[in-house]
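Protein chains: 2
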Amino acid sequence: MAADRGAGNSTVLLILSVLDQGERYGYELIRELERRSEKVFQFQEGTLYPVLHRLENQGYVTAERKTGENGKERRYYRITPAGKKQLAAERESWARFSAAVNRVIGGEQHAFS
Amino acid sequence: MAADRGAGNSTVLLILSVLDQGERYGYELIRELERRSEKVFQFQEGTLYPVLHRLENQGYVTAERKTGENGKERRYYRITPAGKKQLAAERESWARFSAAVNRVIGGEQHAFS
DNA sequence: TTGACATACCTAGAGATTCTAGGTATATTA
DNA sequence: TAATATACCTAGAATCTCTAGGTATGTCAA
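Protein chains in written order, with my numbering: chain Z, 1 to 113; chain Y, 1 to 113.
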């Protein structure tokens, strides 16, 4: 709805938040987001991989192909300084958005760090 | 991201929330959402009107054409019982979604009514 | 009275995002 | 050896929002 880009790209917020805690590979991200959200987020691979590629093109993450401890090839993603900046912006955006929704629907109001 | 339809349709939640407090016409909804969200939501007419028509087709709202006190033709929308049910579901969905985002990004956790 | 502006509605087409539904390949386990 | 989990990928469909127009009326100032 303009003005802020709203939710919609909460996907990027979620991915960068996890990567901010350390490198991850795509498949791992999907399972970790499912676990940490208690099944609320169940990203499809067809959703996640294209987003990761886009983030790489935008310079928010870098990728490195490595063989995991189980012998399988994986692409590990790390957040870049530009990605950290973007993450801060998205956190701010989410805080504003969710507070606004809560104001409109009459829910309680909160401050996020 | 499936499992819940996530944010995305927060537009419907917002519209039904306002209509739950009384009938409104489209143009009025845009300005009221802008005001109540403190400028965070700035819906375009090209976004809002098609959504209202969809809600009408789905039976969540009814519309009635009336001439306003300023002499202009307006379409007033009212929420239906089915719309109230849908609103309750969307509130629940939003509560789950926003709590999950906050868990993942490390923000505080809240309970919504 | 004429022009500008706000009100009030509408739609077609473009753009962005996510899902569906496939595909490939390797390692483990039955 | 067959099934399953891991791990990556993409094309096309579906959905939603935005852009960018359009129409029409009422008010107010020049």
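Think of the CB as a built atom: it goes at the ideal place given N, C-alpha and C, for glycine as much as any other residue. Every value quoted in this text rests on a predicted model; they were computed, and no experiment measured them.
CA-CA distance, Glu23 of chain Y and Trp94 of chain Y? Here the question's residue 23 of chain Y lines up with position 23 in the second sequence. Here the question's residue 94 of chain Y lines up with position 94 in the second sequence. Between Glu23 of chain Y and Trp94 of chain Y, the C-alpha separation is close to 23 Å.
Opposite Arg75 of chain Y in the DSSP bridges: which residues? Sequence index remark: in the second sequence, residue 75 of chain Y carries index 75 (1-based). DSSP, once it has assigned bridges, lists Y:Arg65 as partnering Arg75 of chain Y.
Of the listed residues Z:Arg36, Z:Gly59, Z:Asn9, Z:His53, nearest to Gly26 of chain Z (C-alpha basis): Numbered from 1 along the first sequence, position 26 holds the residue referred to as residue 26 of chain Z. That would be Z:His53, whose Cα lies nearest to the Cα of Gly26 of chain Z.
Expressed to the nearest angstrom, what Euclidean distance is found between the alpha-carbon atoms of Lys66 of chain Y and Leu14 of chain Y? The count along the second sequence starts at 1 and reaches residue 66 of chain Y at position 66. The count along the second sequence starts at 1 and reaches residue 14 of chain Y at position 14. Roughly 23 Å between the two C-alpha positions.
Name the DSSP bridge partner or partners of Arg24 of chain Z? On the first sequence, residue 24 of chain Z is found 24 positions in, with the first residue counted as 1. Arg24 of chain Z is bridged to Z:Tyr77.
Counting C-beta neighbours from all protein chains within 10 Å, is the total for Asn57 of chain Z 16 or more, i.e. buried, or is it exposed? Residue 57 of chain Z sits at position 57 when you count from the first residue of the first sequence. Asn57 of chain Z comes out exposed.
Pick from Z:Gly71, Z:Ala63, Z:Arg78, Z:Arg35: whose alpha carbon is nearest that of Leu16 of chain Z? Position 16 of the first sequence, counted from the first residue, corresponds to residue 16 of chain Z. It is Z:Arg78 whose Cα lies nearest to the Cα of Leu16 of chain Z.
Compile a chain-ordered list of the residues in the stretch 31-47 of chain Z whose CB is closer than 8 Å to at least one CB of chain Y. Leu33, Arg36, Ser37, Glu38, Lys39, Val40, Phe41, Gln42, Phe43, Gln44, Thr47
For chain Y, check one thing: does any of its Cβ atoms lie closer than 8 Å to the Cβ of Val104 of chain Z? Taking the first sequence and counting its residues from 1, the one referred to as residue 104 of chain Z is at position 104. Taking Cβ atoms only, chain Y reaches closer than 8 Å to Val104 of chain Z, which makes this a yes.
Residues near Gly68 of chain Y in its chain [Cβ-Cβ closer than 8 Å; skip 5 each side]: The residue labelled residue 68 of chain Y in the question sits at position 68 within the second sequence. Closer than 8 Å at the Cβ level, and outside the excluded window around Gly68 of chain Y, lie Tyr25, Arg74.
Cβ separation of Arg103 of chain Z and Ser98 of chain Y, assumed to be a contact under 8 Å, to the nearest whole Å: Reading the first sequence from its first residue, position 103 is the one you call residue 103 of chain Z. Reading the second sequence from its first residue, position 98 is the one you call residue 98 of chain Y. With 8 Å as the limit, Arg103 of chain Z and Ser98 of chain Y do not qualify as a contact, their Cβ atoms being about 13 Å apart.
Note the first and the last residue of the continuous alpha helix (DSSP H) segment covering Ser10 of chain Y. Locating residue 10 of chain Y in the second sequence gives position 10, counting from the first residue. From DSSP, the alpha helix (DSSP H) with Ser10 of chain Y extends over 10-19.
What is the DSSP secondary structure of Lys85 of chain Z, counted as helix, strand or coil? To locate residue 85 of chain Z, count along the first sequence from 1; it is residue 85. Helix at Lys85 of chain Z.
Neighbour list for Leu13 of chain Z in chain Y, Cβ cutoff strictly below 8 Å: Reading the first sequence from its first residue, position 13 is the one you call residue 13 of chain Z. Result: Val101, Ile105.
Counting contacts by CB-CB distance shorter than 8 Å, is Arg91 of chain Z in contact with chain Y? Against the first sequence, residue 91 of chain Z aligns to sequence position 91. With 8 Å as the cut-off, Arg91 of chain Z counts as an interface residue toward chain Y.
Just to confirm, does Ser93 of chain Z get its C-beta within under 7 Å of one of the non-hydrogen atoms of the ligand FAD? Absence of the ligand FAD from the depicted structure is noted, as is the absence of any ligand whatsoever, leaving it without description.
Is the beta carbon of Leu48 of chain Y less than 8 Å from the beta carbon of Leu29 of chain Y? For the purposes of this step, residue 48 of chain Y is taken as residue 48 along the second sequence, with counting starting at 1. For the purposes of this step, residue 29 of chain Y is taken as residue 29 along the second sequence, with counting starting at 1. For Leu48 of chain Y and Leu29 of chain Y, yes; Cβs fall inside 8 Å.
Is the beta carbon of Gln42 of chain Y less than 8 Å from the beta carbon of Glu34 of chain Y? Within the second sequence, the letter at position 42 stands for residue 42 of chain Y. Within the second sequence, the letter at position 34 stands for residue 34 of chain Y. In this structure, Glu34 of chain Y lies closer than 8 Å to Gln42 of chain Y by Cβ.
Please tell me whether Arg96 of chain Z has its Cβ less than 8 Å away from any Cβ of chain Y. Here residue 96 of chain Z corresponds to residue number 96 of the first sequence, with the count starting at 1. Closer than 8 Å: yes.
If I'm right that Val61 of chain Y touches Thr80 of chain Y with Cβ under 8 Å, what's the distance once you round it to whole angstroms? On the second sequence, residue 61 of chain Y is found 61 positions in, with the first residue counted as 1. On the second sequence, residue 80 of chain Y is found 80 positions in, with the first residue counted as 1. With a Cβ gap of about 6 Å, Val61 of chain Y and Thr80 of chain Y count as contacting.
Given a cut-off of 8 Å, decide if Ala82 of chain Y and Gly59 of chain Y are closer than it, judged by their beta-carbon atoms. Locating residue 59 of chain Y in the second sequence gives position 59, where the first residue counts as 1. Locating residue 82 of chain Y in the second sequence gives position 82, where the first residue counts as 1. Contact flag set, yes.
Leaving out five residues before and five after Glu64 of chain Z in sequence, what residues of the same chain have Cβ atoms less than 6 Å from its Cβ? Numbered from 1 along the first sequence, position 64 holds the residue referred to as residue 64 of chain Z. Around Glu64 of chain Z: Tyr76.
Three-state secondary structure (DSSP) at Glu60 of chain Z? For this step, residue 60 of chain Z is matched to residue 60 along the first sequence. In the sequence on display, residue 60 of chain Z carries Tyr and not Glu. Residue state, collapsed to three classes: coil.
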